[in-house]
Each structure stands twice: as structure tokens, then as C-alpha cells.
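All remarks here apply to the structure that follows.
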Amino acid sequence: MSKKTAYLGLMLALALILSYLERLLPFDFAVPGIKLGLTNIVPLILLYRDGFKYAFGLNIARILLANLLFGNIFALTYALSGGVLSVLAMAISKKTGLFSITGVSMIGGTLHNVGQLAAALIVLRAPALIYYLPLLMVAGLACGLLVGFTTALVLRRLEKAGL
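For reference, each letter of the sequence shown is one residue, going 1 to 163 in the working numbering.
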């Protein structure tokens with residue numbers, strides 16, 4: 001087994017642990033289902049250290065496994081739509097060089113919520129859900145700020161430790 005495979009396995013395990021822990025946290029804004037997004041720390045680390053394909057692949061694997069292990073199959077559509085859109089948006093915003101890691105994370109957090117809302121609008125055919133968009137965008141920015149700040153701190157510590 002290569003070091004890269006072992007490293008990616010550890011990162012996937014970490015993402016799954018964070019996903020499980022986040023499900024245990026009694027954290028809800030005014031809209032049920034909003035989470036802090038702590039699991040997004042791992043794909044963000046991979047995006048900055050290893051590139052888009054690793055961040056994207058890990059995020060898809062994490063979403064599939066977390067929903068099979070801890071969630072339900074109905075949430076998979078929402079998780080995938082938000083997860084795919086957020087990683088794509090973070091990769092594009094990172095590539096521009098215009099945003100800090102925190103800014104990239106805030107964009108990802110916001111577009112994750114937009115992706116999930118878009119999926120809900122299609123699946124549920126409930127146009128009134130669009131009224132949640134402002135609240136979801138604010139929540140995405142706030143949670144993205146927390147995730148981005150935490151990820152920047154982790155990356156600095158990893159670099160300082162020579163890892």
C-alpha cells in the first residue's frame with residue numbers, strides 16, 4: 001500500500017468521524033438540519049494540500065459512506081448536491097487566487113446550502129422553500145467562516161510540524 005493511499009484512508013476516516021460527531025451535536029439554527037460543516041475541514045485540507053481531484057473524490061466517498069452508515073438514503077440526494085457544488089465552487093474560487101482559505105470556505109458553505117436547497121426544490125416541488133435562501137446563505141457564510149478559520153489553523157500546525 002502506498003503512503004498516499006494510507007494518507008487518503010486516514011483522511012476519509014477523519015471525515016467520517018467528524019461527520020458522526022457532527023450528527024451528535026445538538027446544533028440547529030432556525031432551520032432544522034443546518035450543521036456546522038465540520039466535515040468540510042477535511043476536503044478543504046485536501047484541496048489546499050493535494051488538489052481538486054483528491055478533495056472531490058474524498059468528499060463523494062465521505063458523503064456516500066456517511067449516509068449509508070449514519071444517515072438515510074433520502075438525505076443522499078441533498079448531501080450530494082450540496083457537496084458537489086461546494087467543492088467545485090471552492091476549487092474555482094481557490095484557483096482565482098482572490099480569496100483566502102476562509103473566503104474559499106465561506107463560498108463553499110454558502111453554495112453547499114444553495115445546492116441542497118436546489119435539490120429540495122426539485123424533489124419536493126415546494127417553491128415556498130426559496131424563502132429559506134437568505135437564512136441558508138447567512139448560515140453558510142457563518143459556518144464557512146468557522147470551517148475556514150479552523151482549516152487555516154490546522155494547515156499552519158501541520159506545516160509547522162513538518163507534515
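All residues carry an ideal CB built from backbone N, CA and C; glycine is no exception. This one's a predicted model, so the numbers in the text were calculated from it and none came from an experiment.
- By the Cβ test, the segment 131-149 is in contact with the segment 107-121, since at least three Cβ pairs between them sit closer than 8 Å.
- CA-CA distance, residue 133 to residue 6, rounds to 39 Å.
- Collapsing the DSSP output to three states places residue 70 in coil.
- Taken in chain order, the complete alpha helix (DSSP H) segments of 4 or more residues contained in the segment 88-163 are 101-124 and 133-160.
- Residue 1 carries a coil assignment under DSSP once its states are collapsed to helix, strand and coil.
- DSSP places residue 41 in the uninterrupted alpha helix (DSSP H) bounded by 41-49.
- Excluding five sequence positions before and after residue 61, the CB atoms of its chain that fall closer than 8 Å to its own CB belong to 12, given in chain order.
- Its Cα nearest to that of residue 42, the residue 9 stands out among 9, 122 and 69.
- The alpha-carbon of residue 129 is positioned some 27 Å away from that of residue 92.
- Distance from the Cα of residue 49 is smallest, within the candidate group 155, 160 and 161, for 155.
- With a cutoff of 8 Å on beta-carbon distance, residue 77 and residue 126 are scored as not near each other.
- Pairing residue 25 with residue 37, the inter-Cα distance amounts to about 11 Å.
- With fewer than 16 neighbouring CB atoms inside 10 Å of its own CB, residue 96 falls in the exposed class.
- Closest by C-alpha distance to residue 55, out of 35, 161, 131 and 86, is 86.
- As the crow flies, the alpha-carbon of residue 104 is around 7 Å from that of residue 148.
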